[in-house]
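Notes follow once the structure below has been shown.
Residue numbers (our numbering), protein chains in the order written: chain A, 347 to 714; chain B, 5 to 244.
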């Protein structure tokens with residue numbers, strides 16, 4: 347009986363229908379949930395944050411995981427996408443009359459971020475590892491202080507009064523579209539180039555891989571996705587300020603990537619979901635609500651001494667998770683493995699199990 | 005010199021610097037089509053620097069002319085496209101990719117799908133072991149198999165000139181012989197070979213011509229067999 351179930355399960359995972367079916371169901375739900383109030387507004391909000399974080403984690407994984415570079419600039423691209431789209435929806439586009447202009451604003455936000463991604467790609471031709479991390483950190487600081495010093499976009503006060511245009515269907519649409527793009531990129535010839543760069547850049551050049559072109563495309567696609575995520579984020583939060591897009595935000599995305607596992611789209615989806623849910627649970631109000639079933643003589647001191655301080659402790663707990671994951675679980679949940687449904691048919695035939703397989707021989711290679 | 009229609013590669017006054025230290029002091033040599041030319045010399049003589057300059061991963065002064073085209077400021081990936089394949093020292097396999105993917109990477113700029121497929125077959129008949137291991141991660145191969153993979157990978161780019169850097173490094177004597185007979189086979193099929201070797205004895209035996217390098221200068225040149233008999237070479241490199 348168990349064997350039969352297992353066979354059925356494997357057949358289901360193998361089926362070419364699985365991913366399209368999930369997509370259709372997902373789309374249906376994305377429309378139905380807000381329409382018929384199937385879930386509370388709070389849960390809907392979390393779902394939208396999960397979608398945005400999935401875009402962020404997967405796109406950072408392209409650079410940090412698949413390509414093996416180390417970029418800290420992701421929050422900067424987010425900021426660029428957010429500010430560009432907000433300026434468009436608030437000052438340029440009459441979005442209230444023409445709702446279709448919202449996706450255009452989001453798209454333009456992504457394109458402007460992609461342009462900046464090209465600029466960040468250039469130093470990556472020369473340096474990698476720690477040095478590239480420092481350069482991207484500097485880029486993030488430049489973006490932040492530029493926004494802080496332009497008074498027309500609110501300076502350090504930020505911009506408020508943004509219309510709430512991000513809805514669950516839009517998040518679902520952008521998340522699936524961008525994931526599809528990243529997945530196709532990874533399984534294209536450029537994706538193989540990306541993997542080769544992670545392994546050995548000079549050898550890739552000697553193998554006729556145009557490494558500069560590959561890096562250009564990878565950085566552009568990655569920052570494009572970050573820009574779109576930023577635009578969706580801004581129209582969900584309805585308030586943006588330079589402080590939101592600082593190094594803490596980049597760190598959050600790094601945690602999602604490394605928790606989920608490098609070089610894996612499935613991993614990034616899991617990492618982003620777990621991270622977002624964890625972040626919500628660690629909110630004092632949520633935690634208090636979750637633990638309210640405890641008897642008062644336990645709950646009251648717990649609430650007074652622990653739960654009410656969680657807002658600050660989150661800042662400690664999250665980086666701690668990153669350190670622990672990097673030290674003891676460098677592969678994360680799905681590092682170098684992939685959900686079968688994402689792998690194109692022709693690559694499945696080449697590889698009996700995974701795209702990249704379970705690399706058992708050099709476990710340290712991805713810890714550099 | 006220009007009358008030589010067989011000329012494939014011409015290196016003139018090649019100079020290479022690494023952070024102010026000069027590794028090559030004006031090296032000049034030529035390679036004709038169909039030859040096996042070997043560069044021998046001690047560690048630090050500049051052999052690998054020559055290969056690195058030819059394949060475009062090290063900047064240089066002087067001229068390198070391949071089939072009439074100056075390679076100066078041609079990027080490395082485009083040089084492969086011109087028909088020069090470099091098998092670097094220490095192999096440079098992509099350990100976390102499969103054998104097939106490693107071969108596939110060498111076809112990155114090629115668009116002739118059918119020819120690529122027949123080239124796979126060609127590589128697999130040349131190295132039957134690679135066919136057995138096609139789906140295996142390249143990092144799990146033995147040293148000899150990895151060496152075969154990188155040679156096969158270089159051939160996948162349809163090279164006219166093959167640059168081999170220490171193909172015998174770290175291999176057992178039997179495997180060294182295998183590799184050398186494969187090099188001869190590849191050469192017989194029409195590929196020119198520029199071979200850098202510590203194992204001067206083996207290299208000189210198969211070489212059409214050889215250049216001896218000492219601290220960045222060409223000090224001696226001649227046919228492989230001439231140099232094998234040269235007392236100075238014997239004393240310095242062959243240890244007899």
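Positions of the beta carbon are idealized from the N, C-alpha and C atoms, including for glycine.
With 16 other Cβ atoms within 10 Å as the buried cut-off, status of residue i
i: residue 471 of chain A; result: exposed
i: residue 509 of chain A; result: exposed
i: residue 564 of chain A; result: buried
i: residue 152 of chain B; result: buried
i: residue 650 of chain A; result: exposed
i: residue 401 of chain A; result: buried
i: residue 12 of chain B; result: buried
i: residue 22 of chain B; result: exposed
i: residue 355 of chain A; result: exposed
i: residue 239 of chain B; result: exposed
i: residue 540 of chain A; result: buried
Any C-beta of chain A under 8 Å from that of residue i
i: residue 105 of chain B; result: yes
i: residue 80 of chain B; result: yes
i: residue 100 of chain B; result: yes
i: residue 29 of chain B; result: no
i: residue 156 of chain B; result: no
i: residue 92 of chain B; result: yes
i: residue 84 of chain B; result: yes
Residue i and residue j closer than 8 Å at C-beta
i: residue 28 of chain B; j: residue 20 of chain B; result: yes
i: residue 626 of chain A; j: residue 379 of chain A; result: no
i: residue 423 of chain A; j: residue 577 of chain A; result: no
i: residue 570 of chain A; j: residue 460 of chain A; result: yes
i: residue 205 of chain B; j: residue 172 of chain B; result: no
i: residue 455 of chain A; j: residue 430 of chain A; result: yes
i: residue 568 of chain A; j: residue 668 of chain A; result: no
i: residue 87 of chain B; j: residue 18 of chain B; result: no
i: residue 608 of chain A; j: residue 681 of chain A; result: yes
i: residue 45 of chain B; j: residue 170 of chain B; result: no
i: residue 464 of chain A; j: residue 562 of chain A; result: yes
i: residue 190 of chain B; j: residue 197 of chain B; result: yes
i: residue 69 of chain B; j: residue 58 of chain B; result: no
i: residue 620 of chain A; j: residue 525 of chain A; result: no
Neighbouring residues, chain A, relative to residue i (Cβ below 8 Å)
i: residue 153 of chain B; result: Residues of chain A passing the Cβ test: none, with the nearest at roughly 12 Å.
i: residue 161 of chain B; result: 553, 554
Contacts that residue i makes with chain A (C-beta to C-beta distance below 9 Å)
i: residue 43 of chain B; result: Ordered by position in chain A, no residue passes the 9 Å Cβ test against residue 43 of chain B, which lies about 18 Å from the chain.
i: residue 137 of chain B; result: The contacting residues do not exist; residue 137 of chain B stays about 13 Å from chain A at best.
i: residue 59 of chain B; result: 551, 552
Cutoff 8 Å: residue i Cβ touching any chain B Cβ
i: residue 556 of chain A; result: yes
i: residue 548 of chain A; result: yes
i: residue 472 of chain A; result: no
i: residue 484 of chain A; result: no
i: residue 561 of chain A; result: no
Residue i: contacting residues in chain B (beta-carbon distance under 7 Å)
i: residue 545 of chain A; result: 98, 99, 100, 101
i: residue 535 of chain A; result: 112
Contacts that residue i makes with chain B (C-beta to C-beta distance below 9 Å)
i: residue 680 of chain A; result: Near residue 680 of chain A there are no residues of chain B at all, since even the closest Cβ is about 15 Å away, more than 9 Å.
i: residue 722 of chain A; result: Limits of chain A in this structure are 347 at one end and 714 at the other, which puts residue 722 of chain A out of reach.
i: residue 347 of chain A; result: Result: empty, since nearest Cβ-Cβ is about 33 Å, beyond 9 Å.
i: residue 352 of chain A; result: The contacting residues do not exist; residue 352 of chain A stays about 24 Å from chain B at best.
Amino acids of chain A, ordered along the chain, whose beta-carbon sits closer than 7 Å to that of residue i
i: residue 148 of chain B; result: The premise fails here: residue 148 of chain B is roughly 16 Å from chain A at the closest Cβ pair, so nothing lies under 7 Å.
i: residue 221 of chain B; result: Ordered by position in chain A, no residue passes the 7 Å Cβ test against residue 221 of chain B, which lies about 26 Å from the chain.
Residue i: contacting residues in chain B (beta-carbon distance under 8 Å)
i: residue 542 of chain A; result: 98, 101, 109
Quiz item: On the three-pair Cβ rule with 8 Å, is the segment 44-60 of chain B touching the segment 141-156 of chain B?
Solution: no
Self-check item: contact_flag[the segment 95-103 of chain B, the segment 131-142 of chain B] where n(CB pairs < 8 Å) is 3 or more
Solution: yes
Self-check item: the segment 156-163 of chain B in contact with the segment 76-94 of chain B per 3-pair CB rule at 8 Å
Solution: yes
Quiz item: Just checking, does the segment 626-643 of chain A make contact with the segment 517-533 of chain A on the three C-beta pairs under 8 Å criterion?
Solution: no
Quiz prompt | the segment 430-441 of chain A in contact with the segment 500-509 of chain A per 3-pair CB rule at 8 Å | solution = yes
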